[in-house]
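*Asks:* If you're matching positions, the sequence shown starts at 12 in our numbering and goes up one per residue. What follows is a single structure, and I will ask about it in a moment.
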Amino acid sequence: MKIAVTDKGSGVMAQFAQAIGTAFSGRFIYIPENKGSGYITGFGWGNDLKMMIRNYHLNEDVILERTNLLADGEENVGFFLSGVFPSPTNPEIPLVPEKASVLICMQTVSSVMDMPSNTYFGSIGIVVSRKFLRQYFGAIQHSVVETILEVKDNFLFETGISPEIIKTASEMLHQPVPESFESYYYKLKCEELLCYIFALLVQRDALPVTICILMILRPYMP
């Protein structure tokens with residue numbers, strides 16, 4: 012199944028939902044039983060910080076072709092945390108887990124993403140403006156941080172997952188606060204994840220981090 016979506020600034024979750032025959036229920040998109048199981052949800056805090064949580068599997072292979080209508084001068088960085096949630100217990104069909112990793116790259120005008128069937132997607136995607144990142148991490152003097160904040164070319168960083176990232180991610184699955192506080196709670200958790208990611212990156216000499224400069228990237232989804 013091939014799905015083409017266009018992000019005009021508000022994300023593409025609604026278009027993805029329509030393509031698989033479902034719709035929003037509150038802030039959640041639940042995968043129909045004939046398509047798989049689980050849900051997608053997300054938050055946006057202005058144009059500078061957005062987060063999507065994926066906790067689902069699909070019965071059919073899906074190729075997502077995404078076009079981003081970026082404003083002139085808009086520079087966003089994507090942080091894609093895969094395999095951060097525990098796999099479902101006793102699923103009806105065996106599910107392949109995602110590789111646990113963190114990918115970091117610039118948001119590009121277009122991208123293609125493969126979503127294989129019977130794969131458990133337990134992941135978090137964060138898109139952040141460079142302006143926001145500079146406010147939080149601009150004082151850190153480190154080559155990796157400087158690349159993320161300033162380099163004009165496309166880039167891709169990959170690193171592993173820390174126990175702190177796993178713990179913070181798992182806290183997003185079970186909301187411990189009233190609904191009226193959930194936006195504040197998830198923003199704090201989102202910022203916490205960013206701090207843990209940068210903490211990993213500045214230790215890159217001791218960690219298996221790979222760095223590639225790419226002309227074509229395949230970032231995350233909605």
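Just so it is clear, CB atoms sit at the ideal spot from N, CA and C, and this is done for glycine as well.
(1) Return the chain-ordered list of same chain residues with a C-beta closer than 6 Å to the C-beta of Arg38, the five sequence neighbours on each side being excluded.
(2) Would you check if there are 3 or more beta carbon pairs closer than 8 Å linking the region 129-146 to the region 109-119?
(3) For the candidate residues Leu114, Val155, Glu175, Ile159, whose alpha-carbon lies nearest to that of Lys142?
(4) According to the Cβ coordinates, are Val155 and Val113 closer than 8 Å?
(5) Skipping 5 residues on each side, what residues in its chain have a beta carbon closer than 7 Å to that of Tyr50?
(6) Less than 6 Å between C-beta atoms, sequence neighbours within five positions excluded: which residues of the same chain meet that for Lys86?
(7) When you compare the CB positions of Lys200 and Thr179, do they come within less than 8 Å of one another, or not?
(8) At the level of alpha carbons, what is the spacing between Ser98 and Pro127?
(9) Can you tell me whether Lys19 is buried or exposed? The criterion is at least 16 other CB atoms within 10 Å of its CB, across all chains shown.
(10) Within 10 angstroms of the Cβ of Gly57, are there 16 or more other Cβ atoms? Answer buried if so, exposed if not.
(11) Quick one: Cα of Ile64 to Cα of Gln152, how far?
(12) Tyr147 to Phe91, Cα distance in whole Å?
*Replies:* The relevant details are as follows:
(1) To locate residue 38, count along the sequence shown from 1; it is residue 27. Within the same chain, Thr52 come within 6 Å of Arg38 by CB-CB distance, once the 5 residues on both sides are set aside.
(2) Taking 8 Å as the limit for Cβ pairs, the verdict is that the region 109-119 does touch the region 129-146.
(3) In the sequence shown, the residue the question calls residue 142 occupies position 131. Ranking Leu114, Val155, Glu175, Ile159 by Cα distance to Lys142 puts Ile159 first.
(4) The sequence position of residue 155 within the sequence shown is 144, counting from 1. The sequence position of residue 113 within the sequence shown is 102, counting from 1. With respect to Val113, Val155 sits apart: the two C-beta atoms are not nearer than 8 Å.
(5) Walking along the sequence shown from the start, residue 50 turns up at place 39. Within the same chain, Tyr50 has close Cβ partners Phe39, Ile40, Tyr41, Ile42, Asn66, Tyr67.
(6) Within the sequence shown, the letter at position 75 stands for residue 86. Strictly speaking, residue 86 in this sequence is Glu, with Lys absent from that position. The answer, listed in chain order, is Arg141.
(7) Within the sequence shown, residue 200 is the residue found at index 189, counting from 1. Within the sequence shown, residue 179 is the residue found at index 168, counting from 1. Between Lys200 and Thr179, the CB-CB gap stays under 8 Å.
(8) As a working note, residue 98 is residue 87 in the sequence shown. As a working note, residue 127 is residue 116 in the sequence shown. Cα to Cα, Ser98 sits roughly 16 Å from Pro127.
(9) Here residue 19 refers to the residue found at position 8 of the sequence shown. Counting the other Cβ atoms within 10 Å of the Cβ of Lys19 gives fewer than 16, which makes it exposed.
(10) Here residue 57 is taken as the residue at index 46 of the sequence shown, counted from 1. Gly57 is exposed by the Cβ-count criterion.
(11) Working through the sequence shown from its first residue, we reach residue 64 at position 53. Working through the sequence shown from its first residue, we reach residue 152 at position 141. Approximately 31 Å between the Cα atoms of the pair.
(12) Residue mapping note: residue 147 aligns to position 136 of the sequence shown, counting from 1. Residue mapping note: residue 91 aligns to position 80 of the sequence shown, counting from 1. The C-alpha of Tyr147 lies about 19 Å from the C-alpha of Phe91.
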